[in-house]
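Peer 1: The structure's right below; bear with me while I get my questions together.
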Amino acid sequence: MENIYIEQTKRTPEIRLENTGNIRISGRSIPEDPGNFFEPLYLWVYEYCFNPNPKTVITIDLEYFNSGTFKCLLFILKQFVELKNKGKDLIINWYHEEDDDDIKERGEYFESILEVKINIIEKPTAG
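Using my numbering, you'd call the opening residue of the sequence shown number 18 and step up by one each time.
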């Protein structure tokens, strides 16, 4: 299974999907067609979940994302939560800037609807 790396643009996040179990989504996510942008990720996650590492670490460090991205992230995270339900170790780290309550609350919302522990981590405001 190949690793996936997608460089960040003004409208899309940096994506790192590594078969070692390290997953990272960072930057800004406002793609015009979120379903199309995230489709390769869906396929990779689907394949990864058939033969996952014993430990998967997901890092989400988004400064902003739209509702389309929200739906795509939810779909992806649900797949990973199934790994935890199968006894695999799953760590989700959700970063937000110290003054960004919106991003923090979205992480808390994901935690509540997915019924899985998400580490909500405050970082200093960039600038």
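Ideal Cβ placement from N, Cα and C applies to all residues, glycine included.
If you drop the 5 nearest sequence neighbours on each side, which residues of the same chain put their C-beta closer than 7 Å to that of asparagine 70?
Peer 2: By one-based count along the sequence shown, residue 70 stands at place 53. Same-chain partners within the cutoff: Thr37, Gly38.
Peer 1: Please classify glutamate 31: does DSSP put it in a helix, a strand, or coil?
Peer 2: Translated into positions along the sequence shown, residue 31 becomes position 14. Residue state, collapsed to three classes: strand.
Peer 1: Which parts of the region 19-93 are runs of the alpha helix (DSSP H), unbroken and 4 residues or longer, counting only runs that do not cross its ends?
Peer 2: 51-67
Peer 1: What are the boundary residues of the beta strand (DSSP E) that includes aspartate 106?
Peer 2: Residue numbering aside, residue 106 sits at position 89 when the sequence shown is read from its first letter. 106-114 is the extent of the beta strand (DSSP E) around aspartate 106.
Peer 1: Going by C-alpha distance, which of Glu49, Leu131, Asn20, Asn102 is nearest glutamate 64?
Peer 2: Here residue 64 refers to the residue found at position 47 of the sequence shown. Checked all of Glu49, Leu131, Asn20, Asn102; the closest Cα to glutamate 64 is Asn20.
Peer 1: For isoleucine 135, report the span of its beta strand (DSSP E) as first-last.
Peer 2: Taking the first residue of the sequence shown as 1, we reach residue 135 at position 118. Isoleucine 135 -> no beta strand (DSSP E), and no H or E assigned at all.
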